[in-house]
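Residue 224 is where the sequence shown ends in the working numbering, and the numbering goes up by one at each step.
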Amino acid sequence: MKKLFILGNWKSNKTMEEARVWEQSFMPDIAGRTQDITIIVCPAFHHLTLFANHKGRYALGIQDISPYESGAFTGAISAAMVKDMVTYTMIGHSERRKYFGETDELVSEKVKRALDAGIRPIVCVSEPVQAERLHALVPAFSESGLILYEPLFAIGSGTSDSPENANKTAGFIHDIVPVPILYGGSVTHENVQGFVREEYLSGVGVGGASLDPKKFQALISAVV
Ligand code: PEP
Numbered sequence: 001m002k003k004l005f006i007l008g009n010w011k012s013n014k015t016m017e018e019a020r021v022w023e024q025s026f027m028p029d030i031a032g033r034t035q036d037i038t039i040i041v042c043p044a045f046h047h048l049t050l051f052a053n054h055k056g057r058y059a060l061g062i063q064d065i066s067p068y069e070s071g072a073f074t075g076a077i078s079a080a081m082v083k084d085m086v087t088y089t090m091i092g093h094s095e096r097r098k099y100f101g102e103t104d105e106l107v108s109e110k111v112k113r114a115l116d117a118g119i120r121p122i123v124c125v126s127e128p129v130q131a132e133r134l135h136a137l138v139p140a141f142s143e144s145g146l147i148l149y150e151p152l153f154a155i156g157s158g159t160s161d162s163p164e165n166a167n168k169t170a171g172f173i174h175d176i177v178p179v180p181i182l183y184g185g186s187v188t189h190e191n192v193q194g195f196v197r198e199e200y201l202s203g204v205g206v207g208g209a210s211l212d213p214k215k216f217q218a219l220i221s222a223v224v
């Protein structure tokens, strides 16, 4: 049976107090599961210290990482600074590509820093050609990376891609980079099962529906 990943991306949301409440009420019920499921919570950097007691319940990730080593790079969080706190880092989300001008080259530098620090990179792509460039720029990515495939029209729109379409694109991507591929874009507890059943999809990335701990739990329960 394939291993599944369920990633929650909080994006630019939550005060410390809101994050504290979320952390205290998030109790994913994965008892009785027959499948290997990894839950990855990706809050904002400053929330990480609230997650000291999450061990064993889920993995922690961040939403971005510096393309540079530690040093004189004001405002940047380097992989070395957080490698003791997180297991995963998202890289190249379409919002970062759109609003912060991130290119495939910059994404590849971030992937290299993450790999060097032993953090598993989860690279977001909205089309297979981005996976192709990633593979060409950082062949080592395929050793421990994951891909989060998110078609632009589906992100935050309330209209997801169909599981069949998402699986087809994931199949193309898998032929280029044979790593676990997650689907993201308006996933909810109501539609998640369709995605995780597909051959080339190894889980889902969840934005809006991960902000409410109960909704995120319901989504996880639907998968379990
Ligand atoms: C995302 O942007 O990573 C995402 C999956 O968002 P949403 O679930 O809100 O569409």
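We put the CB at the ideal spot given by N, CA and C, even for glycine.
Taking the Cα of G61 as reference, the smallest distance to any Cα among L4, D29, I30 and G8 is reached at G8. CA-to-CA, the gap between E132 and L201 works out to about 18 Å.
If you draw a straight line from the Cα of D36 to the Cα of Q217, it is about 16 Å long. Residue state for T169 is assigned as helix, using DSSP reduced to three classes.
For G205, the enclosing beta strand (DSSP E) has its first and last residue at G203 to V206. F5 is positioned such that its CB atom lies closer than 8 Å to that of L182. Each of I77, R57, E164 and G56 was checked against the Cα of S66, and the nearest Cα belongs to I77. In this structure, the C-beta of H93 approaches the ligand PEP to less than 7 Å from one of its heavy atoms. Under DSSP, V123 takes part in a beta bridge, and its partners are I91 and I147. For V206, the closest alpha carbon among the candidates F45, K2 and Q63 is that of Q63. Non-local C-beta neighbours of M85 in its own chain, meaning closer than 6 Å and more than five positions away in sequence, comprise L48, ordered along the chain. The C-beta distance from L134 to V177 rounds to 7 Å, short enough to fall under 8 Å. Within 7 Å of the C-beta of E150 there is at least one heavy atom belonging to the ligand PEP. Secondary structure note for G61: its beta strand (DSSP E) is the uninterrupted segment A59 to I62. In the three-state DSSP reduction, T49 falls in the helix class (H, G or I). In this structure, A136 is the residue among A136, I39 and R20 with its C-alpha nearest to the C-alpha of S108.
Look at F141 here: in three-state DSSP terms it is helix.
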